Amino acid sequence: MRKGRSRLVETLLPELVIRLPGEGPVDLPALFDTPRKAYWLEIGFGAGEHLAWQAETYPDIGFIGCEAFANGVASLLRHIEQRTLGNIRIFDDDARLLMTALGPSTIDRLFLLHPDPWPKRRHRDRRLVQSATVRRFAQLMPPGGILRIATDHPVFLGWTLRIMGRQPWFDWTARSAADWLERPADWPQTRYEAKALKEGRRCTYLNYRRNGTVA
Ligand SMILES: C[S@@+](CC[C@H](N)C(=O)[O-])C[C@H]1O[C@@H](n2cnc3c(N)ncnc32)[C@H](O)[C@@H]1O
């Protein structure tokens, strides 16, 4: 890790990191200087460029970024410092731990952008999109909440469409091919996506809306 980044890990991360409570759900408003209009979560933010853009664009929203890779966390800290972003808090461990500790209907928007595809059949249990995980997403989100999933991997895309196609809690908002083959304007490119496109892979952008079905 570069020197400037490790300085931020020592100085800035302790101010922003989320420690899970022993009991009860995470108190999201208490994480921020002032309570926010809503709370959005990005799981596996990588180098953090998408999360930083969302936080800068939507200053009223409180953002929770979750990333287990230390270099990614350090990169996000650099964005936070450079752009003086006060509305991001970080969980630097496995997203599944955080998801068990969040309260019901607390997350209005959830981003899962280019999660590791684990394309081999024998590794499919490692994929972040699973029926049980999607149910957990549904428990965390109120009706109207938005779930965004991006991938460049055909196996993972097929898997995700199958899992999402047979769950009752989210409706796919796409009305035409362009709705999932073109990245919407408020969805900036991630580092992983840029690499995928450069290498000639097609990316897909799935947008789901939480409906009223109880999860
Ligand atoms: C393929 S990368 C994509 C990164 C970023 N979203 C992008 O599009 O550039 C997947 C990221 O998810 C993170 N990740 C995978 N499983 C995770 C988990 N269970 N909890 C938190 N982060 C996870 C990895 O460390 C990695 O940075």
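Its first residue numbered 23, the sequence shown is counted upward by one per residue in the numbering used here. Glycine residues also receive a C-beta, built at the ideal position from the N, C-alpha and C atoms. Please read these numbers as outputs of a predicted model, since none were measured by experiment.
Between Phe67 and Ala77, the C-beta gap is not smaller than 8 Å, which leaves the two residues out of contact. For ligand 1, a non-hydrogen atom lies closer than 7 Å to the CB of Asp116. Less than 8 Å separates the beta-carbon of Ala96 from that of Arg27. Secondary-structure assignment with DSSP links Tyr227 through a beta bridge to Ala172. For Trp62, the three-state secondary structure derived from DSSP is strand. Its chain contains Ala172, Trp202, Arg205 as the residues whose beta carbon lies nearer than 6 Å to that of Tyr227, once the 5 sequence neighbours on both sides are disregarded; these appear in chain order. With fewer than 16 neighbouring CB atoms inside 10 Å of its own CB, His145 falls in the exposed class. Here DSSP, grouped into helix, strand and coil, assigns Asp147 to helix.
In the three-state reduction of the DSSP assignment, Gly166 falls in the coil class, being assigned neither a helical nor a strand state. Counting the other Cβ atoms within 10 Å of the Cβ of Gly46 gives fewer than 16, which makes it exposed. Taking a C-beta distance under 8 Å as the contact criterion, Gln161 and Ile185 do not qualify as a contact pair. Secondary structure note for Asp201: it is in no beta strand (DSSP E), and the uninterrupted alpha helix (DSSP H) holding it is 200–203. By the Cβ rule, the region 185–197 does not count as touching the region 127–141, because fewer than three pairs are nearer than 8 Å.
Between Ile83 and Leu38, the gap from beta carbon to beta carbon reaches 8 Å or more. Of the residues assessed, Glu89 falls on the buried side of the cut-off, its CB having 16 or more other CB atoms within 10 angstroms. In this structure, DSSP gives Leu135 an extended state, which the three-state scheme calls strand. Rounded to the nearest angstrom, the Cβ distance from Arg170 to Phe113 is 18 Å, too far for a contact under 8 Å.
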